[in-house]
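Numbering-wise (the numbering used here), the sequence shown opens with residue 80 and increments by one. Yeah, the Cβ is synthetic: ideal placement off N, Cα and C, and Gly gets one too.
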Amino acid sequence: MLKGAEYLDGEVRRLQREAFGAEGGTWSLDHRFHHGGFARSTPGLRAFTADFTARHGFAPEAVYVSKALFAVLEGGLGAGRDVVVVVTGAPL
80 MLKGAEYLDG
90 EVRRLQREAF
100 GAEGGTWSLD
110 HRFHHGGFAR
120 STPGLRAFTA
130 DFTARHGFAP
140 EAVYVSKALF
150 AVLEGGLGAG
160 RDVVVVVTGA
170 PL
């Protein structure tokens with residue numbers, strides 16, 4: 080959800096080496112779904128949120144939860160994976 084945060088890739092690797100002595104795990108940060116950056120939205124994200132609400136009868140929080148749901152439903156985690164999205168708190 081952070082635009083221009085590619086530096087975090089190296090920072091995570093550095094912190095792994097510092098804490099564990101080596102890089103580990105299979106992980107990645109996906110920089111595609113920021114929708115304009117921190118606390119920002121786009122017309123496409125707003126349309127997605129409206130469509131999601133109409134289809135599922137649940138209005139997700141319009142920025143952060145919607146970005147996460149958008150990423151999952153657009154294949155951000157890869158095809159063929161089982162995904163559970165836990166939304167805490169009441170929708171705004």
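Ranked by how close their Cα comes to the Cα of Arg125, the residues Phe149, Gly154, Gly136, His110 have Phe149 in first place. Between Val144 and Val151, the CB-CB gap reaches or exceeds 8 Å. Here Leu108 is near Leu87, since their CB atoms are less than 8 Å apart. Here DSSP, grouped into helix, strand and coil, assigns Gly136 to coil. In the structure shown, Glu97 falls within a helical segment according to DSSP collapsed to helix, strand and coil.
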